[in-house]
Amino acid sequence: MPQLTVVVPAYNEAAVLETFHQRLAAVLDGISIECHVLYVDDGSSDATWAIIESLVAGDSRTGALKLSRNFGKEAALTAGLDQIVAGAAVVIDADLQDPPELIPKLIEQWQAGYDVVYATRTVREGETGFKRFTAAMFYRSMERLSDTAIPRDTGDFRLLSRRALDALGQLRERQRFMKGLFTWIGYRQTAVHYQRDPRKAGVTKWNYWRLTQLAIEGITSFSSAPLRLATWIGLLSAGLAFLYGMWVLAKSLLYGDAVRGYPTLMLVILFLGGVQLLALGVIGEYLGRNYTESKQRPLYFVDKQHSPQRQN
Ligand code: UDP
Ligand code: MG
Numbered sequence: 002m003p004q005l006t007v008v009v010p011a012y013n014e015a016a017v018l019e020t021f022h023q024r025l026a027a028v029l030d031g032i033s034i035e036c037h038v039l040y041v042d043d044g045s046s047d048a049t050w051a052i053i054e055s056l057v058a059g060d061s062r063t064g065a066l067k068l069s070r071n072f073g074k075e076a077a078l079t080a081g082l083d084q085i086v087a088g089a090a091v092v093i094d095a096d097l098q099d100p101p102e103l104i105p106k107l108i109e110q111w112q113a114g115y116d117v118v119y120a121t122r123t124v125r126e127g128e129t130g131f132k133r134f135t136a137a138m139f140y141r142s143m144e145r146l147s148d149t150a151i152p153r154d155t156g157d158f159r160l161l162s163r164r165a166l167d168a169l170g171q172l173r174e175r176q177r178f179m180k181g182l183f184t185w186i187g188y189r190q191t192a193v194h195y196q197r198d199p200r201k202a203g204v205t206k207w208n209y210w211r212l213t214q215l216a217i218e219g220i221t222s223f224s225s226a227p228l229r230l231a232t233w234i235g236l237l238s239a240g241l242a243f244l245y246g247m248w249v250l251a252k253s254l255l256y257g258d259a260v261r262g263y264p265t266l267m268l269v270i271l272f273l274g275g276v277q278l279l280a281l282g283v284i285g286e287y288l289g290r291n292y293t294e295s296k297q298r299p300l301y302f303v304d305k306q307h308s309p310q311r312q313n
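If you use the numbering used here, the sequence shown corresponds to residues 2 to 313, in order.
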């Protein structure tokens, strides 16, 4: 029975996978506990699966999973974690941005009794000031809006104990904001600090559009504050509209009603229209999530699978 399985989601990572495996294997060789590696090919369109198969053939502790199409990193991770029936798990990116050399430190904290040991980066190299700023804004608003405080500057790179894995396995929501889910399960959690390197090869699959979607996902998954905000804005503008209406009424009763006031009319209509559309959009966002959840679709499908050979 393995005590630790390293789960690696990979989507079009042919350029780095071999280097990655070398570095990971070197680290695992130095660890005294029984380790397995599990690659999850998230429907790659390049040579990723062929490389994974050669890695599996060359290293008996390595297993692999190929999803039927690209389901996204969160689903790929979930597929990998679902496979682990015994022992703890480490989640790591294939692009070497998460240094495998940190794994022994994660294990140390795990053996000290922590259930979730996450890696927090101290330096964000190769990232623009704008990216850093938007990231900081995101973490701050998440802290304000939701009850689940998501640790800052923390990716998915982390170690999960057996019971943390069991807990996570029970969260089957379709729109998975993993960082939030990892935190939400609770138990004893701690951080290990490291320097995050720029990507070694290949390109990031994240652009600002996808990051914005991720941020909306995070906020709507863990907070209904925007719905409440829409209510408050609605109440406020209705109150203001009522006061203004009273004033218009009084004015026309006292001084008569010449047809004037086109600018104010436009202003009010446009403003209220905007507020209504915004509120509708917020409601739609939550309604859409309800819709995807209610379909109860599986999170992923597995195409092919190789189990690790070494069983001791
Ligand atoms: N990944 C995946 N499916 C996807 C996108 C990414 O499995 O649809 C994997 C990718 O191969 C890598 C990890 O998730 O191992 C992180 O992806 P990436 O480096 O593009 O994200 P970033 O580090 O820029 O956040
Ligand atoms: Mg990366």
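All C-beta atoms, glycine included, are put in the ideal place defined by N, C-alpha and C. Treat the numbers as computed from the prediction; the structure is a model and nothing was measured.
Within 10 angstroms of the Cβ of His22, are there 16 or more other Cβ atoms? Answer buried if so, exposed if not.
buried
What are the boundary residues of the alpha helix (DSSP H) that includes Val57?
49 to 59
May I ask you to list the residues that DSSP assigns as paired with Tyr40?
Val9, Ala65
Please go through the segment 246 to 300 and give each complete alpha helix (DSSP H) segment of 4 or more residues, from N-terminal end onward.
263 to 295
Below 8 Å, how does it come out for the segment 105 to 121 and the segment 188 to 196: are there three or more Cβ pairs, yes or no?
yes
Considering Leu169, what are the terminal residues of the beta strand (DSSP E) in which it resides?
Careful: Leu169 lies outside any beta strand (DSSP E), inside the alpha helix (DSSP H) at 163 to 170.
Judging by CA-CA distance, which residue of Ile85, Glu102, Asp42, Met179 is the nearest neighbour of Glu75?
Met179
What residues match up with Gln190 in a beta bridge as DSSP calls it?
Val117
Could you tell me whether the Cβ atoms of Asp96 and Glu14 are closer together than 8 Å?
yes
Taking the straight line between their C-alpha atoms, what separation do you get for Arg173 and Asp83?
11 Å
Alpha carbon to alpha carbon, what distance is there between Arg122 and Val9?
19 Å
Kindly list the residues whose CB is nearer than 8 Å to the CB of Leu228, restricted to its own chain and excluding five residues on each side of it in sequence; keep chain order.
Val283, Ile284, Tyr287
Proximity of Ser69 and Val303 at Cβ, strictly below 8 Å:
yes
Using a Cβ-Cβ cutoff of less than 8 Å, which residues in the same chain neighbour Ile52 once the five nearest sequence positions on both sides are dropped?
Ala15, Leu18, Glu19
Neighbourhood of Trp318 by C-beta distance below 8 Å, restricted to the same chain and skipping five residues each side:
No statement about residue 318 is possible, as the shown extent of the chain runs from 2 to 313 and does not include it.
Are there any heavy atoms of ligand 1 lying less than 7 Å away from the beta-carbon of Glu218, as far as the coordinates show?
no
Would you identify the three-state DSSP class for Gln89, choosing helix, strand or coil?
With the sequence shown as reference, residue 89 is identified as Ala, and Gln is not the correct amino acid for it. In this structure, Ala89 counts as strand in the three-state DSSP scheme.
What does the alpha-carbon distance come out to for the pair Ala1 and Thr149?
Coverage of the chain is limited to positions 2 through 313, which leaves residue 1 absent and any answer about it impossible.
Can you say whether Ile34 is buried or exposed, counting buried as having 16 or more other CB atoms within 10 angstroms of its CB?
exposed
Backbone secondary structure at Asp304 - three-state DSSP
strand
Helix, strand or coil for Gly235 per DSSP?
helix
Please classify Asn313 as buried or exposed, where buried requires at least 16 other C-beta atoms within 10 Å of its C-beta.
Residue placement at Asn313 is poorly supported in this model, since its pLDDT is 45, which falls under 50; the coordinates are not used for a value here.
Taking the DSSP output, what are the residues bridged to Arg159?
Val92, Tyr119
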